[in-house]
Structure formats: C-alpha cells, structure tokens
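In what follows, a structure is listed as structure tokens, so that the remarks can point back to it.
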Amino acid sequence: MIEPTVDLALAIGHGLTEEEFRKIIEILGRTPTFSELGIYSVMWSEHCSYKSSIKYLKRLPREGEHVLAKAGEENAGALDIGEGKAVIFKIESHNHPSALEPYQGAATGVGGILRDVFSMGARPIAAMDSLRFGELSDPKQQHLFNGVVEGIAGYGNCFGVPTVGGEVVFDKAYSGNCLVNAMAVGIADTGKIMPAKASGVGNPVFILGATTGRDGIHGATFASVELSDKSAEDRSSVQIGDPFLEKLLLEATLEIIEKGLAVAIQDMGAAGITCSSSEMAAGGGVGIKIDLDKVPLRESGMIPYEILLSESQERMLIIGKKGLEDSLCEVARKWELNIERIGTVTEGDRFKCLWHGELVCDIPAKTLVLGGGAPIYDRPYIRPAGLDAINTRNSAIETDKDPIELLEALLSMPSIAGKRWVFEQYDHQVGTNTVIKPGGDAALVRVKETSKFLAISTDCNGRFCALDPHVGAMQAVAESARNVVSVGAWPIGITNCLNFGNPEKPESFWQFVRAVEGMGEACRAYNIPVTGGNVSFYNESQNGAIFPTPVIGMLGIIDKPQDIIRQDITSDLQLVEIGECDCPEFGGSSLQKILFGDPFGLPPRIDLDREIANAKFILSARDRGLIEACHDISDGGLGVALAELCIWNDLGASIEIPEDRDIIGSLFGESQARYLIAVQAIKLDNLMLLAKKNNISAKVLGYTGGLSLSIHSGSYYKSVEIMKLKDIYENKISKIMRGEL
Amino acid sequence: MLVGVVVFPGSNCDLDALWAIEHGLGEEAKFIWHRDKIVSDVDMIILPGGFSYGDYLRTGAFARFSPVMESVTDFAREGGLVIGICNGFQVLLEAGMLPGALIANRRLRFICKDVFIRAERSDTAFSVSIPQGTVLKIPIAHFCGNYFADAETLSRIESNGQVLFRYCGENGEVSAEFNPNGSSNNIAGLVNERGNVLGMMPHPERYSEAILGGEDGRMIFASVREFLKKREGAFVRGA
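Chains as they are written, first to last, in my numbering: chain A, 2 to 742; chain B, -3 to 235.
Set out below in structure tokens:
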C-alpha cells in the first residue's frame, strides 16, 4: 500500500467531519500524516470515543461501596465480593461483524470480551450472550442464528469458559441488523487487579500473542456506520479468531500478573495497537514510544498505517517492569507465544511511533481519548412523531380464542420456546462452577475458595423499549433483577450494552437518551452501580432501525448455598402468584405479537418501589424456608411461566382463575414485578401471613401434580398434557433448524 | 493417593480434574506439564479434557508426540493407572493406547448435556466400587465423541469385555434412543486389555460434588482409591 496525500477529502473518506479534521490540524499544528489520520479517525469514531453517548452515560450511577473499578476506568468493571475476591465483568456488542460473517463475528466478540476480563487478572468463570435476529422462519436468519451460535460455541468451548446462558430473541425489527452482545465474568484476587494505566518512565512495552496482519483494519469505523448492501464488500473488516491462542494468552497473562512482572496490561480490541497504547499512555499521564519495525507481522509489505490500525485478534499490550524483561519473556516462551518489546514508556504525553527510524506519528495521547481531546457531541433529539399514535392505540385484547391454544402458540414462538438447541452447543459446565445451568431465569455459578455464588442474567424487552424507551429500560433492569432474585440472589451491579440506531437521527437519539435516563433511575432505585459496558449505534439497515435495545447484564450475589432457590417442583405444592396483575397489560406483549404483529399501546407500567418490595419479599420468604421454587413472570405472562415450570419438571398443575377476572388478561398479561412460587401446603398460611404483613399481593393459584396443566375459570375448564406442551416448547427451534418445519 | 493431572497448553479441564480429586474426593493431586516426564510418585494419571494443542488438525493429533506422552506410555506399560477424559480419551486413541477412533458427532454439533452411562464391569481399577449394571449420570461436552472402530476391532473389544461404560437410559436400557453422538455399540468408555487404561467421553470430574448437580463421577475416582487401598503395601505400579 502506498500512502496517499492527506487532505480534507481523505479525512471525510475516513469518516471524520470537516470540523474534526480542522481540530486535528489545530492540535498538531500541522497536517496529520497518513498514519495519524488513520489513528484519529479510528480513535474519534463513535465506537472508540463514545462522542455521542458520553454526555448521557456520565449520568448513570457509577458509585457503590463494592466498586473497585468504575465505568470507563479500566478494561472492565470490578466489584468486591468479599473473602478477598473481586468479580470482573463486562458486556460488549459485535453486531456488525456478525451480520456479515456470523461465525467469526460472534467468535471474535466472545474473544474480545474475554480479553477485557483476563487482562485485569481475572480468570473467566462464565460467559453469556444476548442475541437478536429477524424472524426464524426466514432462511437468512436461520443462517445467521446458526453461524452465531456455532461461533460462540467454537470459541468459548475451546477457550474453556462455560457459556451459562443469555437470551435469544427473534423479531423482524432485527432482520437487517442482528445483535450479538457477549458478556464475560471473571474472578480475581482483590489485591491483584491489573490496571490499564501505563506508568514508570523507561518501562518496556511488549506485544504478546498473535502476529499483526491486515485483518480488521477500520473495524471500529465500520462499527460506526449503518449496514448497507455494500457492507458485504467490507468483509475484510471482520477479524478471524483463534481460541487456542487466546487460551495460551489467558494462561500467560495470568502468570505474568501472578508473578508481578507487569505494571499495566490492555487487550488489543478495536483499533489495535493504536487504541491500547494511546489509552494506556493517556490513562497513566505518560508518553509511549513504539518502534513499529519491531511488531511481529504476518504479512509482508505492511505500512505503519496498517500496523497501527490492524485488529488482529489475540494480542495484548503489556507494560513490563524494567529489569524483569527476561522473566516476562520466559513466561511467554513457556506458553509458546510471540513476545516482542516494541516500545518504552516515556516522559511527557506523546504517543510516538517510529518506522525505519522515522517519526510517523507524534500525537499528544490525551487528544485521542475519551475524557481527553476526543470530540463530545451534544446531539439533538426529538420524540418520534409517530409514537403518540402508536402509544394511544388501545392495546386491550378481547379474543374468543381458547386460552390453552393461545398458550401453545406462545410456547412455540421461537423467542419463548426452549433454547436447548442453543445451549447444548455451548460447553456450560467447564470450570466446574455451574450450579444452575442455562434455561432458567438466571445462571448461577459458585466462586471457588469462597462460600459465595454469583447469579448472572442478561435481559431486555425491545418491544417495550420501542413503545417507551424510558420505561422499557427501567423494565430491563427490573426484569434482570427478578431473574437474579428468582435464584435467590440480590443484585450488586450491572454492565450494559446499548444497541440503538443512528445517533445523528434525532428520533433515534431520543430513544437512546430516554433509555439511559430510565436505566439510571432504575439502578438508583436498586442502589446498584453501572460498571461500564458498550454503546452500539448505527444498528440500521435498509429495513430501518432496530428496536431500541439496552441490554442489561446483571450480577447478583448469594452468600451461602442454603440461600439458592431452585426451580424444582414436586407434587402437591401450592402455586402462588406474587405481585399484582390488576388490569391486563398487553402493550408490547408476546400475545399482542402473535395476534397483531408490531407492538402498540403503552408498555406495562413500572413501579420500582413495588418491584423492590416484591423482590425483598421473595428473599425474606426464602429465609424463612417458605419457598420451594420460584420463577419470574415475564414474556407470555403467568401462563407461560406456569407452563415452563411444569415442562422443566415433567409435572402437571391445576390452577383456577377467579370467575370475575379476565382469563386471557390473567394468563397472558405482562404486568411487571411478579413471581410464580411453589410452597409446601403446610407452609402456605405462613407465607400468606408474611405477605399480608408486608403488604405484598399474593394469590393462591392452585397446586402441582398429575401429568396435565389444567385451567379452571367459572364454567371454563380445559387441560393439556405436559408432554404435549413440552414437545412444542423443547423441539420448536431444533425442528426449524433441521428443516423439519 | 496422589493423582497427576497432565497439562497440555490447551487443556481446559485440568483445573477441574485437580479440584475434583482434591475437593470432591479429598485426595492429593498435582499438575504435570506437557514438557515434563511423569515422576514415579503418582498413583494415577489423568489426561484431562480440552483442546490439547488447539486441535485444528484432528483432536489429540499433536498431543501424542509431546514429551509427557512418552512417559505416560511407559507408566501404563508398567501397569500404572491412566484415565483419559474427553480430549484425554482422544489422545489415548491417537497414541495407540486404546483401540478405535473418535469422529464427529452424528449431528455434527457440539453437545453439552447430562447423559446416563451403564457400568459394564465392576472388576477394573476404575469400577471396583461400582456394581455391574449401575447407571451413572455424568455430563458430556464434545464435538468429536462418536466412538468408531472397524467390525473386527469392535468384536474383539466386546469379547474381551473392554467396554466399561455404555450410553443408556435412566434405567439402564441401552438403545439408539440414548446414544447422544452415534457411538458404535453406545460405547462411552473403554479400557485396554490389561484394564489399567481407561478412556471415556463423559466428564466424571464435573459431577464430583453435589452442588454441581451430581456426584456419580466421583464414584470412578473413589473406585481407584478403593482399588489402591486393597493392594495396600504392594507397589502399585507393575500390578
């Protein structure tokens, strides 16, 4: 490649604005070199700079007594969980790469988030994935779904992290732009968390791991534009993953940290060497000088621009300790990894790169990064004009359809149907920590060498967010909390992956602003911090923007094994609904989707006080030994929650809906803050008393037993065999994917 | 009892095997690096699951050339006890320590789930505490777990009684319905003729503690301990 002349046209071709280009010239006092232009374009891209979102992200609660690494401070968030251990976790999107090349896009998404976690000294103990595709009846979506699941499996299984759960949603809103959000959770010793801030003038800078090639150049820029027909031509922006190399990198990195051979480590994700070096320099208030001739390359003829912007996977930038270089290299050799000293920490604040002895980059590092010189935009936003009409449309449902038939239809929706086809492809037990396996409300993993357990959930209801992003984001937090509470845990923090459309469109940006506000409000109510995450804009295609989808990755904690709540039921238990379903709420519901398609009306109301009171009630009833099993009520309402509990246990149940209540609304309305619990008959009085004392709504629905699910209401009585429901629920997705449907 | 757990660079069940022996069984265990030789103080060797050397060519294909495998072969030749789990089973096959091969699962997908396996013998070191016919619930997690051998080999290992575990239903019924991956004769685990080398696809280390959902896996390790105890005082190897 020959370096072109740098001018405004070239800058615009790099995705910079005219104003941004002028600002670069002003900072440098000269026209940037081609390499420098590449560096600024990628560091100031939306993906790296958060230039549209940061104003609002700063309003999220970041503090908390257990916070060890706040949002934006390190590669991932860190919380103290006691007994000398910290949990390190983060979620990140890999939407655009996955839309073009689903296997590698998803695989490298997993690889990237794992590196964020282990670069801080944490061994990953769990991964989760939140996935969204168009309707599964579409063969193209089947191809994407299949590729993404195989990519996650191919990478995670080989690396050796258990993929313990997540969510998969199908809706035509995602048909032109799938969402692949990967979360990783790791455990480190609190005293040994490795920072990403360079320090110590004279300390050596090493590159560890894979060689550098031309793959993924401008991946971050690519993530900052809308997908189009032409996007397939950008396929070279998709990186290729090597999970075995990542596994070696994990072991070497942890050993380097354990032996105290490094002062700072950052993984190379978006914008590769450029992003890691400049962020580490800026973070530590020092300079870094890189000799690009020293970078081990996998292709010949690469120029500095390409070396600096390469997104080759499985690489780490390590600031070593002067005098301990040999020990560091020894560890790398043990794990058969490339290690090369490529630079030095310097005085001052410059990010300098040499090529054949010539200075090709000389930039104040701070001017590249978020919180430094990267642009911050205050983008205009406006409530979409058509939303009022959608919100005011009456979402009440009156139907003559039989409730059991509706239940069967709901259970066969790919979004609700069992995800066994997915999670059996993931090794979800490696590491021998998985206590509650995929398929339930939240996954539960133990933390070895402590008495503690972590509940992990990812959640978001895009249909609710489409109707009201503010309420929808609050519900995403609340539903995540219900998931972790259902296994007996209490929320301790969240990471978020904010998937939205083009922020330059005021209507899209309004969705973002409202969602972030709602998320902040909900987190404040639960008193939990947002420890970071990722913003993914430009999720648009010819089919329009996706539903606003602020995915929450939540962690909850359990102090001792006795506190775990399971979803195992036996015969003759009483079934109780906790929380009110006082008027049927169908806006954005799954039943509405079956009957009418696109969401309309208002999403279910949210009352955070009630959410928290009900959640606390579940745990306090648990403490008194009153709960045998618990399942949160969400998509598809009480009917689906009940059917799932029966299907998971191969056991029937019989419930009665009072005659004066609307049977469809009671079964399929999606009012929030509700749980379905199973209680021993002799303990029912105590439970109801406790509920009354705490002013919690608790309704006895019926009991477990038999082989059928029976529903009574006045003159209505019908039952269906659990085996029939199970066949629908368990086999729907695998049948579609085998071409049998 | 001291168990040696071999660590290949891409092993990812090495920590789990060590943990299961130490915390599930309450015995001692230590790692053996793939470049090292086995020292004579260990009572049993575990070749753990994972992707030993990445396995992009063929599972276990490179591992058999590693320095440690030379001494694993010697150790077994002298009668030492060896369990290869999942990828470890694949390595044993590649090294010719067990007959047959493991090919891709019938449906060409990775499968991670609980399976039931039936113990066919209770007279091996790995099953002395497991009455014949006992059904164990142990998880599998593999892409290449479909056991294959030619008809002649198959009939030889069957007539020798080398099949130690077969995939089955909850009540021990062995049929195609309960075969998760297409393995010949539902074979989930087999021993060599001498009975001191076991290869199995299910992961006993994953069900060695009740909190994880099962303890049946521990029965295999406990059998080894029982076997060694019975020969107390005797030099374990060369038996």
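Heads up, the beta-carbon is just placed ideally off N, CA and C, and yes, glycines get one too. Given the structure is predicted, the values throughout are model-derived calculations rather than measurements.
Which chain B residues sit within Cβ distance under 8 Å of A/W511? Residue numbering aside, residue 511 of chain A sits at position 510 when the first sequence is read from its first letter. Within 8 Å Cβ-Cβ: nothing; A/W511 doesn't reach chain B, min ~42 Å.
Helix, strand or coil for A/C159? Go by DSSP, reduced to three states. For this step, residue 159 of chain A is matched to residue 158 along the first sequence. Correct three-state label for A/C159: helix.
If you measure between the beta carbons of A/G122 and A/K52, is that distance less than 8 Å? Numbered from 1 along the first sequence, position 121 holds the residue referred to as residue 122 of chain A. Numbered from 1 along the first sequence, position 51 holds the residue referred to as residue 52 of chain A. Not in contact: A/G122 and A/K52 (Cβ atoms no closer than 8 Å).
Could you give the C-beta distance for A/V680 and A/I628, rounded to a whole number, given that I count them as a contact under 8 Å? Residue numbering aside, residue 680 of chain A sits at position 679 when the first sequence is read from its first letter. Residue numbering aside, residue 628 of chain A sits at position 627 when the first sequence is read from its first letter. Yes, A/V680 and A/I628 are in contact; Cβ-Cβ is about 7 Å, under 8 Å.
Residue burial classification, A/S46 (beta-carbon count within 10 angstroms, cutoff 16): To locate residue 46 of chain A, count along the first sequence from 1; it is residue 45. Classification for A/S46: buried.
By the criterion of Cβ-Cβ separation under 9 Å, what are the contact partners of B/L208 in chain A? Looking up residue 208 of chain B in the second sequence gives position 212. Q430, T433, N434, T435, V436 and R447, listed in chain order.
In angstroms, rounded to a whole number, what distance separates the CA positions of A/P33 and A/I304? For the purposes of this step, residue 33 of chain A is identified with residue 32 of the first sequence, where counting begins at 1. For the purposes of this step, residue 304 of chain A is identified with residue 303 of the first sequence, where counting begins at 1. For A/P33 and A/I304, the distance between alpha carbons rounds to 16 Å.
List the residues of chain B whose Cβ lies closer than 7 Å to the Cβ of A/F601, in chain order. Within the first sequence, residue 601 of chain A is the residue found at index 600, counting from 1. What A/F601 touches in chain B: nothing, since even the nearest Cβ is about 39 Å away.
Under the rule that 16 or more other beta-carbon atoms within 10 Å means buried, what is B/I183, buried or exposed? On the second sequence, position 187 is the one that residue 183 of chain B refers to. Counting Cβ neighbours within 10 Å, B/I183 comes out buried, since at least 16 surround it.
So, is the C-beta of A/W649 closer than 8 Å to a C-beta in chain B? Position 648 of the first sequence, counted from the first residue, corresponds to residue 649 of chain A. The beta carbon of A/W649 does not come within 8 Å of any beta carbon belonging to chain B, so the residue lies off that interface.
Between the Cα of A/S720 and those of A/E406, A/R299, A/G273 and A/G372, spot the shortest distance and give me the residue it belongs to. Your numbering for residue 720 of chain A matches position 719 in the first sequence. Measuring from the Cα of A/S720, the nearest candidate turns out to be A/E406.
For A/L592, which residues of its own chain have a beta-carbon under 6 Å away from its beta-carbon, when the five flanking residues on both sides are left out? Here the question's residue 592 of chain A lines up with position 591 in the first sequence. So the qualifying residues of the chain are F669.
Count the other CB atoms within 10 Å of the CB of A/I547; is the residue buried (16 or more) or exposed (fewer)? The count along the first sequence starts at 1 and reaches residue 547 of chain A at position 546. Burial call: buried.
Chain B contact residues for A/K248, given Cβ-Cβ distances below 7 Å: The count along the first sequence starts at 1 and reaches residue 248 of chain A at position 247. In chain order: G6 and N8.
DSSP three-state call for A/S509: helix, strand or coil? Taking the first sequence and counting its residues from 1, the one referred to as residue 509 of chain A is at position 508. DSSP places A/S509 in helix when its eight states are reduced to three.
Excluding the five sequence neighbours on either side, which residues of its own chain have a C-beta within less than 6 Å of the C-beta of A/F207, listed in chain order? Here residue 207 of chain A refers to the residue found at position 206 when the first sequence is read from its first residue. Sequence-distant partners of A/F207 (beyond 5 residues in either direction) whose C-beta falls short of 6 Å from its own C-beta, in its chain, are I319, G321, I340 and R342.
Using three-state DSSP, classify A/R236 as helix, strand or coil. Taking the first residue of the first sequence as 1, we reach residue 236 of chain A at position 235. Because the pLDDT of A/R236 is 49, which lies under 50, any placement of that residue in the model is unreliable, and the number read from its coordinates should be weighed accordingly. Looking at A/R236 - three-state DSSP - the assignment turns out to be helix.
Is any heavy atom of the ligand SAH found at a distance shorter than 7 Å from the C-beta of A/E300? The ligand SAH is not among the ligands present in this structure, which contains no ligands whatsoever.
Using the rule of at least 16 other Cβ atoms within 10 Å of the residue's Cβ for burial, across every protein chain shown, is B/R236 buried or exposed? The requested residue 236 of chain B is not part of the displayed model; chain B covers only -3 to 235.
For the beta strand (DSSP E) containing B/C108, list its first residue and its last residue. Along the second sequence, read from residue 1 onward, the residue named residue 108 of chain B stands at position 112. B/C108 -> beta strand (DSSP E) spans I107 to A115.
Any residues in the region 210 to 228 of chain B with a beta carbon nearer than 7 Å to a beta carbon of chain A? Which ones, in chain order? none
Between the region 80 to 99 of chain A and the region 535 to 542 of chain A, are three or more C-beta pairs nearer than 8 Å? yes
Using the Cα positions of B/Q128 and A/I648, report the straight-line distance between them to the nearest angstrom. Taking the second sequence and counting its residues from 1, the one referred to as residue 128 of chain B is at position 132. Taking the first sequence and counting its residues from 1, the one referred to as residue 648 of chain A is at position 647. In a straight line, the C-alpha of B/Q128 is about 33 Å away from that of A/I648.
Taking B/A145 as the reference, which of B/A115, B/S179 and B/K133 has the closest Cα? Mapped onto the second sequence, residue 145 of chain B falls at position 149. Of the candidates B/A115, B/S179 and B/K133, the one whose C-alpha sits nearest the C-alpha of B/A145 is B/S179.
Beta-ladder partner(s) of A/K353, from DSSP: Looking up residue 353 of chain A in the first sequence gives position 352. DSSP output for A/K353 lists A/K290 and A/D363 as bridge partner(s).
Based on the DSSP secondary-structure assignment, which residues constitute the bridge partners of A/S655? As a first step, residue 655 of chain A is located in the first sequence; it is residue number 654 there, counting from the start. A/Y704 and A/S711.
Please report the straight-line C-alpha distance between A/Q267 and A/L455, rounded to a whole angstrom. Along the first sequence, read from residue 1 onward, the residue named residue 267 of chain A stands at position 266. Along the first sequence, read from residue 1 onward, the residue named residue 455 of chain A stands at position 454. Spanning the two alpha carbons is a distance of roughly 26 Å.
Which residues of the region 92 to 105 of chain B have a Cβ closer than 9 Å to any Cβ of chain A? Give them in chain order. Of all residues in the region 92 to 105 of chain B, those with a C-beta nearer than 9 Å to a C-beta of chain A are R103 and R105, reading in chain order.
Neighbour-count burial assignment, A/N158, 16 or more Cβ in a 10 Å radius: Taking the first sequence and counting its residues from 1, one reaches residue 158 of chain A at position 157. Buried.
For the alpha helix (DSSP H) containing B/T149, name the first residue and the last one. On the second sequence, residue 149 of chain B is found 153 positions in, with the first residue counted as 1. Taken as a continuous stretch (DSSP letters only), the alpha helix (DSSP H) holding B/T149 covers A147 to S155.
For a cutoff of 8 Å on Cβ pairs, would you count B/D12 as touching chain A? Here residue 12 of chain B corresponds to residue number 16 of the second sequence, with the count starting at 1. Chain A, which has a Cβ nearer than 8 Å to the Cβ of B/D12, makes this yes.
Output the residue ranges of the beta strand (DSSP E) runs that lie fully inside the region 26 to 97 of chain A and measure 3 residues or longer, sorted by chain position. 68 to 70, 78 to 83 and 86 to 94
DSSP three-state call for A/S603: helix, strand or coil? One-based indexing of the first sequence puts residue 603 of chain A at position 602. Per the sequence shown, residue 603 of chain A should be read as Leu rather than Ser. Reduced to three states, the DSSP call for A/L603 is coil.
Contacts around B/L14, its chain only, beta-carbon distance under 6 Å, and the 5 residues preceding and following it disregarded: Taking the first residue of the second sequence as position 1, residue 14 of chain B is located at position 18. V1 and A25, listed in sequence order.
Close beta carbons around A/C49, own chain, < 7 Å, minus the five adjacent residues each side: Along the first sequence, one-based indexing puts residue 49 of chain A at 48. If we look at A/C49 and ignore the five residues flanking it on each side, its Cβ neighbours are V43, A221, A271, A272 and C276.
For A/L690, count the other beta carbons within 10 Å of its own beta carbon; 16 or more makes it buried, fewer makes it exposed. Which is it? Taking the first sequence and counting its residues from 1, the one referred to as residue 690 of chain A is at position 689. Result: exposed.
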